[in-house]
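Here the structure is laid out as structure tokens; the discussion comes afterwards.
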Amino acid sequence: MASSLGTPIVMDNMTAHICQHGVGRLDYARVLVEFNAAKKLKESISIQHTDKEQNVKGTKEVKVEYDWKPMVCTHCKVFGHCDEKCYIWPRTVEEEAARKNGEANEQGKIREII
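Per the working numbering, residue 87 is the first one in the sequence shown, and the count goes up by one each step.
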């Protein structure tokens, strides 16, 4: 299941035990997955149940939950900053002025707190 989201890196002990032995029951699988920043994070994945002859017996949609979602820039296709903070993204004069004004306001707030 995790490989349909990205590259699985590591699983918790219970998830790994069930995957290795094919026996057990979990409410959820806990897996660390490496994602491609160019792709959107999936909200759900489809699981097919098959018999021994690989005939599809049923399909179930499984919700995906994330402990944390990083900021992603759709222009650079990297994690770590969002579109609004991207320095490569071409902007109009008005957008650049608004961005600089927003940074000035943020810096002013920090100075007031200190």
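Glycine included, each C-beta is placed from N, C-alpha and C at the ideal position.
- Helix, strand or coil: which one does DSSP assign to M157? Correct three-state label for M157: coil.
- Message: In the DSSP output, which residue or residues are listed as bridge partners for K119?
- Response: Here the sequence assigns Val to residue 119, which means Lys is not the residue at that position. Looking at the DSSP assignment, V119 forms a beta bridge with P94.
- Message: So, with DSSP's three-state summary, where would you put I104?
- Response: In this structure, I104 counts as helix in the three-state DSSP scheme.
- Task: Indicate the three-state DSSP secondary structure (helix, strand or coil) for V179 in the structure shown.
- Result: In the displayed model, V179 falls within a helix according to three-state DSSP.
- Task: Evaluate V142 with the Cβ neighbour count: other Cβ atoms within 10 Å of its Cβ, from every protein chain shown; 16 or more gives buried, anything less gives exposed.
- Result: Exposed, because fewer than 16 other Cβ atoms sit within 10 Å of the Cβ of V142.
- Task: Following the continuous beta strand (DSSP E) through K149, name the residue where it begins and the one where it ends.
- Result: Where K149 is concerned, the enclosing beta strand (DSSP E) starts and stops at V142 to K149.
- Per DSSP, I174 forms a beta bridge with which residues? DSSP lists no beta-bridge partner residue for I174.
- Between the Cα of N122 and those of T160, N99 and A115, spot the shortest distance and give me the residue it belongs to. Comparing Cα positions, the closest option is T160.
- Query: With a cut-off of 7 Å, does the C-beta of E181 fall near any C-beta of chain D?
  - Reply: Of the protein chains in this structure there is only one, and it is not chain D.
- Query: Looking only at C-alpha atoms, which of G110, C162 and V148 sits nearest to S90?
  - Reply: Nearest C-alpha to S90: V148.
- Query: Who are the Cβ neighbours of D169 in its own chain at under 7 Å, not counting the five residues just before and after it?
  - Reply: Counting only Cβ-Cβ distances below 7 Å, and skipping sequence neighbours, we find C159, T160, H161 and W175.
- Could you check which residue in I133, M157 and Y173 has the C-alpha nearest to that of G166? Comparing Cα-Cα distances from G166 to each of I133, M157 and Y173, the minimum goes to M157.
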